[in-house]
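Novice: Taking the working numbering, the leading residue of the sequence shown gets 1, the next gets one more, and so forth.
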Amino acid sequence: MYVVLLKSAGDNTTNINDDPYVQVLTKSGFSVNLLETLDFEYNTSNLVEYKNWRNNHSCIIFSSPRAVISYVKAGLTGNENDLCFVVGPSTELQAKKAGFSPKGADSGDAEKLADFILKHYSSKLDKPIFFPSGQVHLDTLPKVLEDAGICLTFFIYETGKKVNTVIAYSSVENTQLHEKLRLNLCEGNPVPDCLVYFSPSGVSLTEKILITEIKPHRPNIKLVAMGRATASRLKELGLTISAVASSPKPESLLAAVQKLK
Numbered sequence: 001m002y003v004v005l006l007k008s009a010g011d012n013t014t015n016i017n018d019d020p021y022v023q024v025l026t027k028s029g030f031s032v033n034l035l036e037t038l039d040f041e042y043n044t045s046n047l048v049e050y051k052n053w054r055n056n057h058s059c060i061i062f063s064s065p066r067a068v069i070s071y072v073k074a075g076l077t078g079n080e081n082d083l084c085f086v087v088g089p090s091t092e093l094q095a096k097k098a099g100f101s102p103k104g105a106d107s108g109d110a111e112k113l114a115d116f117i118l119k120h121y122s123s124k125l126d127k128p129i130f131f132p133s134g135q136v137h138l139d140t141l142p143k144v145l146e147d148a149g150i151c152l153t154f155f156i157y158e159t160g161k162k163v164n165t166v167i168a169y170s171s172v173e174n175t176q177l178h179e180k181l182r183l184n185l186c187e188g189n190p191v192p193d194c195l196v197y198f199s200p201s202g203v204s205l206t207e208k209i210l211i212t213e214i215k216p217h218r219p220n221i222k223l224v225a226m227g228r229a230t231a232s233r234l235k236e237l238g239l240t241i242s243a244v245a246s247s248p249k250p251e252s253l254l255a256a257v258q259k260l261k
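(1) Give me the Cα-Cα distance between residue 70 and residue 202, rounded to the nearest whole angstrom.
(2) Name the residue from 179, 224 and 220 whose alpha carbon lies nearest to the alpha carbon of residue 37.
(3) On the CB-based measure, 16 or more other CB atoms within 10 Å of its CB, does residue 125 come out buried or exposed?
(4) Could you tell me the distance, in whole angstroms, from the CA atom of residue 264 to the CA atom of residue 206?
(5) Per the contact definition of three or more C-beta pairs closer than 8 Å, is the region 191 to 198 in contact with the region 212 to 224?
(6) Taking C-alpha atoms, which residue in 227, 240 and 253 lies nearest to residue 211?
(7) I need the straight-line Cα distance from residue 249 to residue 89, nearest angstrom please.
(8) If I'm right that residue 47 touches residue 5 with Cβ under 8 Å, what's the distance once you round it to whole angstroms?
(9) Pull up the CB-CB distance for residue 61 and residue 131, whole angstroms please, since I reckon it's below 8 Å.
(10) Which of helix, strand or coil does DSSP assign to residue 221?
(11) If you drop the 5 nearest sequence neighbours on each side, which residues of the same chain put their C-beta closer than 8 Å to that of residue 259?
(12) For residue 248, which of helix, strand or coil comes out of DSSP?
(13) If distances are taken between C-alpha atoms only, which option among 120, 204 and 128 comes closest to residue 235?
(14) Leaving aside the five residues before and after residue 141 along the sequence, list all residues of the same chain whose C-beta is less than 6 Å from its C-beta, in chain order.
(15) For residue 129, which of helix, strand or coil comes out of DSSP?
(16) Looking only at its chain, what residues have a beta carbon closer than 6 Å to the beta carbon of residue 93, apart from the 5 residues adjacent to it on each side?
(17) Could you give the distance in angstroms between the alpha-carbon of residue 217 and the alpha-carbon of residue 188?
Put into structure tokens, the structure is as follows:
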């Protein structure tokens, strides 16, 4: 079974075989390719203004590994005494490297993390929450917390409507994404049995190919989503989703893909 992953590669990944998702699937007998959806540019010149964030925030939340990487590139560090929450094991790993003792990694997604925070730590949130978030992000986590009366200070990577807006990094479409995906769909080349999308942005970047090429001409290709947000984006395009990984872990993806054999 030939599986193509559409995701951004890690900063420490020199080739696709270093990717943990590729490793787990390959070890289980799948043929795997990884198409990078995004390139990242970090701009941390203004982040140093937040070196004293602890003075007026009760905790920090990282919803992606890139948020932690940006934080570290700005010369900021974590402390094991900081109240730090993260989404997913990859973000947890980066947060630990930064010096934090993160909580909530097993929650699975932003909404479940918000529920976890409210259930176990609401009494400790007597100050605003510091929330580094990507330029393209969903408001699920802050909405759940704000609906519960929790105040958040947004720290986002591109000018927008949120408060404390600072550009920490920008993401742009990988220039080779469309070409490489189309090569995988051409006659004479191995056609994927399964496409795995890791983010709503990855779906949006390949929307035209999904609608004009895969849906009408390659209906047998199965679409798998990592998480509910990505699944929702695929559904918005009227596409059929064959599986949704229950959490952002390689093992969860493996379990989802194995059911499609």
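Where a beta carbon is used, it is the ideal one built from N, C-alpha and C, also for glycine.
The structure presented is a predicted model; accordingly, all values stated were derived computationally and were not measured.
Specialist: Here's the rundown:
(1) Taking the first residue of the sequence shown as position 1, residue 70 is located at position 70. Taking the first residue of the sequence shown as position 1, residue 202 is located at position 202. Approximately 21 Å between the Cα atoms of the pair.
(2) On the sequence shown, position 37 is the one that residue 37 refers to. Measuring from the Cα of residue 37, the nearest candidate turns out to be 179.
(3) As a first step, residue 125 is located in the sequence shown; it is residue number 125 there, counting from the start. Using a 10 angstroms sphere on the CB of residue 125, the tally of other CB atoms reaches 16 or more, which defines it as buried.
(4) As displayed, the chain neither begins before 1 nor continues past 261, which places residue 264 out of reach and without an answer.
(5) Between the region 212 to 224 and the region 191 to 198, the count of C-beta pairs closer than 8 Å reaches three or more; the two stretches touch.
(6) By one-based count along the sequence shown, residue 211 stands at place 211. Ranking 227, 240 and 253 by Cα distance to residue 211 puts 240 first.
(7) Looking up residue 249 in the sequence shown gives position 249. Looking up residue 89 in the sequence shown gives position 89. Rounded to the nearest angstrom, the two C-alpha atoms are 7 Å apart.
(8) Here residue 47 refers to the residue found at position 47 of the sequence shown. Here residue 5 refers to the residue found at position 5 of the sequence shown. Separation of the CB atoms of residue 47 and residue 5 is rounded to 30 Å, and the pair is thereby denied contact status at 8 Å.
(9) As a position in the sequence shown, residue 61 is number 61, starting the count at 1. As a position in the sequence shown, residue 131 is number 131, starting the count at 1. 5 Å between Cβ atoms; contact.
(10) Here residue 221 is taken as the residue at index 221 of the sequence shown, counted from 1. Residue state for residue 221 is assigned as coil, using DSSP reduced to three classes.
(11) On the sequence shown, residue 259 is found 259 positions in, with the first residue counted as 1. Contacts found: 243.
(12) Reading the sequence shown from its first residue, position 248 is the one you call residue 248. Three-state DSSP puts residue 248 in coil, outside helix and strand.
(13) On the sequence shown, residue 235 is found 235 positions in, with the first residue counted as 1. Looking only at 120, 204 and 128, the smallest Cα-Cα distance to residue 235 is reached by 204.
(14) The count along the sequence shown starts at 1 and reaches residue 141 at position 141. Cβ neighbours of residue 141 beyond the five flanking positions: 110 and 114.
(15) As a position in the sequence shown, residue 129 is number 129, starting the count at 1. Reduced to three states, the DSSP call for residue 129 is strand.
(16) As a first step, residue 93 must be located in the sequence shown, where it is residue number 93. Contacts found: none.
(17) Taking the sequence shown and counting its residues from 1, one reaches residue 217 at position 217. Taking the sequence shown and counting its residues from 1, one reaches residue 188 at position 188. The straight-line gap from Cα to Cα measures roughly 15 Å.
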